[in-house]
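Enquirer:
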Amino acid sequence: MFSYNSTGSVLGPTQIRLLHLLPVTENNDSIECRLEVVALEENPVYEALSYCWGDSSQLLEIKCNNEAFQVIENLLSALQHLRNEHTERPLWIDAICINRKDPEERQSQVKLMKDIYTKSQRVVIWLGPDLASDGINHLFKLIPTIEYLALPHISKSG
Numbered sequence: 001m002f003s004y005n006s007t008g009s010v011l012g013p014t015q016i017r018l019l020h021l022l023p024v025t026e027n028n029d030s031i032e033c034r035l036e037v038v039a040l041e042e043n044p045v046y047e048a049l050s051y052c053w054g055d056s057s058q059l060l061e062i063k064c065n066n067e068a069f070q071v072i073e074n075l076l077s078a079l080q081h082l083r084n085e086h087t088e089r090p091l092w093i094d095a096i097c098i099n100r101k102d103p104e105e106r107q108s109q110v111k112l113m114k115d116i117y118t119k120s121q122r123v124v125i126w127l128g129p130d131l132a133s134d135g136i137n138h139l140f141k142l143i144p145t146i147e148y149l150a151l152p153h154i155s156k157s158g
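Under UniProt numbering, think of the first position of the sequence shown as 1, with each following residue one higher.
So this is what it looks like as structure tokens:
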């Protein structure tokens, strides 16, 4: 089973983990990734993923750093749709990049979320494989957050 210790057990105050989604393999259904610790002040290139959590009762397996890692079905679906055919895709995904079993890490990473999202190349919003009503509802819930994050970057010219 997966352990965050292999990626650097303690993150510094401005460090985050990035997930590198590996390209399509011979076994097209298998999702593989690797985690890397980076400093936000070094301006790493990545995309941030926002997605509907959906049903968390059924967990599915991906490979992360060659170890089994469990994700919800909607996240697996997002990863399947987002991976590139020939190149790695760097992403920040809270459910994988934050060690949720470590309360101190979770708290410090939540404080960095504004920077994580604003420093990303773009934010990808995954509503699901089909535009289900719960996906649309999730999008509407994100609008205040998007406005808050975008305001400092909107020019006030005539």
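Beta carbons are placed, not taken as given, at the ideal position from N, Cα and C, and that holds for glycine.
Go ahead and pull the three-state DSSP assignment for F140.
Expert: Residue mapping note: residue 140 aligns to position 140 of the sequence shown, counting from 1. Note: F140 maps to helix in three-state DSSP.
Enquirer: Return the chain-ordered list of same chain residues with a C-beta closer than 8 Å to the C-beta of G158, the five sequence neighbours on each side being excluded.
Expert: Residue 158 sits at position 158 when you count from the first residue of the sequence shown. For G158, the predicted structure reports a pLDDT of 43, less than 50, and the residue's modelled location is therefore unreliable. A value from the coordinates is still provided. Cβ within range, chain order: n/a, list empty.
Enquirer: Is I98 buried or exposed, if buried means 16 or more other CB atoms sit within 10 Å of its CB?
Expert: By one-based count along the sequence shown, residue 98 stands at place 98. I98 is buried by the Cβ-count criterion.
Enquirer: Below 8 Å, how does it come out for the region 76-94 and the region 47-60: are there three or more Cβ pairs, yes or no?
Expert: Segments in contact, yes.
Enquirer: Can you tell me whether H86 is buried or exposed, with buried defined as 16 or more other CB within 10 angstroms of its CB?
Expert: Within the sequence shown, the letter at position 86 stands for residue 86. Exposed, by the Cβ-count rule.
Enquirer: Assess, as a yes-or-no matter, whether the region 118-129 is touched by the region 57-71 under the definition of 3 or more beta carbon pairs within less than 8 Å.
Expert: Too few Cβ pairs lie closer than 8 Å, so no.
Enquirer: Are there 16 or more other CB atoms within 10 angstroms of the CB of R106, so buried, or fewer, so exposed?
Expert: One-based indexing of the sequence shown puts residue 106 at position 106. Label assigned to R106: exposed.
Enquirer: For E41, which of L22, I116, H138, P129 has the nearest alpha-carbon?
Expert: The residue you call residue 41 lines up with position 41 of the sequence shown. Selected option, being the one with the closest Cα: I116.
Enquirer: Roughly how many whole angstroms lie between the Cα atoms of E67 and V38?
Expert: For the purposes of this step, residue 67 is identified with residue 67 of the sequence shown, where counting begins at 1. For the purposes of this step, residue 38 is identified with residue 38 of the sequence shown, where counting begins at 1. If I take the Cα positions, the gap works out to 21 Å.
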